[in-house]
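*Asks:*
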Amino acid sequence: MNDKIKKKWDENYDSCLSNYPSPAEVLRLNQHLLPKQGTALDLACGRGANAICLAENGLSVSAWDISISALKHLSSEALKKNLKIKFESRDISKKPPASDSFNVITVSHFLDRELIDDIKNAIKKNGLVFYQTFIINKVNDVGPNNPDYLLEKNELLDLFNDWNTIYYREEGTTGKIDEGFRDQAMLIAQKL
Numbered sequence: 459m460n461d462k463i464k465k466k467w468d469e470n471y472d473s474c475l476s477n478y479p480s481p482a483e484v485l486r487l488n489q490h491l492l493p494k495q496g497t498a499l500d501l502a503c504g505r506g507a508n509a510i511c512l513a514e515n516g517l518s519v520s521a522w523d524i525s526i527s528a529l530k531h532l533s534s535e536a537l538k539k540n541l542k543i544k545f546e547s548r549d550i551s552k553k554p555p556a557s558d559s560f561n562v563i564t565v566s567h568f569l570d571r572e573l574i575d576d577i578k579n580a581i582k583k584n585g586l587v588f589y590q591t592f593i594i595n596k597v598n599d600v601g602p603n604n605p606d607y608l609l610e611k612n613e614l615l616d617l618f619n620d621w622n623t624i625y626y627r628e629e630g631t632t633g634k635i636d637e638g639f640r641d642q643a644m645l646i647a648q649k650l
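Position one of the sequence shown corresponds to residue 459 (this note's numbering), numbered consecutively onward.
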């Protein structure tokens, strides 16, 4: 595990203790699309708001992140809510999920293009991906600035073009830029 990256994220999560985050918009707005049962992975989970949401919806949830600090915060929140979540400190670039192991995978505010095929392979047939992350065509100065971690226009659609697209939103700089969902793209796609 890259100790420098791990340390950076541990420090980041240790500094944001004021309130617990909400799930990613793509998940929060579309919980009705989740299966009634099955396995789910919150990949690069951070403090695990998606994992909490998935568990509250009755799924058997795993939450992976490189940051032990983030997982401690998630563990504490899951305990308060009496939710069972399997936590793992994991460098997913070195140890991606196994093939056909999850019905649902959520990814938010994380982009490693080299892992997209691993994510797709890890989802079982008819399973879903809920993906939301930052775009290069941002309106506000939020998220990363390195283009390696920003989606190009419609890139998320292209990455999952062999799947059934259920939901997609990417507003970028179209229309009134002070309103709407800006700075990110969100996708829900189903494996065929």
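We put the beta carbon where it would ideally sit given N, CA and C, even for glycine.
Here the structure is a predicted model, which means the values were calculated and not measured.
Please report the residue range of the alpha helix (DSSP H) in which E535 lies.
*Replies:* 526–538 is the extent of the alpha helix (DSSP H) around E535.
*Asks:* Closest to T631 by C-alpha separation, out of D620, K611, L650, F618, would be which residue?
*Replies:* K611
*Asks:* Helix, strand or coil: which one does DSSP assign to Q495?
*Replies:* coil
*Asks:* So, are the CB atoms of I581 and L617 less than 8 Å apart?
*Replies:* no
*Asks:* So what does Y607 bridge to, in DSSP terms?
*Replies:* Answer by DSSP bridge pairing: none, since Y607 is not bridged.
*Asks:* Where does D523 sit, in a helix, a strand or coil, going by DSSP?
*Replies:* In the structure shown, D523 sits in a strand (DSSP, three-state: E or B).
*Asks:* Note down, in chain order, each residue of its chain lying with its Cβ closer than 7 Å to the Cβ of A509, except the 5 sequence neighbours on either side.
*Replies:* So the list reads D500, C503, V519, A521, L532, I543, once near-sequence residues are dropped.
*Asks:* Please tell me whether P554 and D576 are closer than 8 Å, where the distance is taken between their beta carbons.
*Replies:* The answer is yes: Cβ separation under 8 Å.
*Asks:* How close, in whole Å, do the beta carbons of Y626 and L615 come, if the pair is a contact with beta carbons under 8 Å?
*Replies:* 6 Å
*Asks:* Considering Cα atoms alone, identify which of D599, K539, L512 is closest to V484.
*Replies:* Closest in C-alpha terms to V484, from the list D599, K539, L512, comes L512.
*Asks:* In terms of residues, what are the limits of the beta strand (DSSP E) holding N488?
*Replies:* Where N488 is concerned, there is no enclosing beta strand (DSSP E), because DSSP gives it neither an H nor an E.
*Asks:* Classify N584 as helix, strand or coil using the three-state DSSP reduction.
*Replies:* strand
*Asks:* Is V565 near G585, with beta carbons less than 8 Å apart?
*Replies:* no
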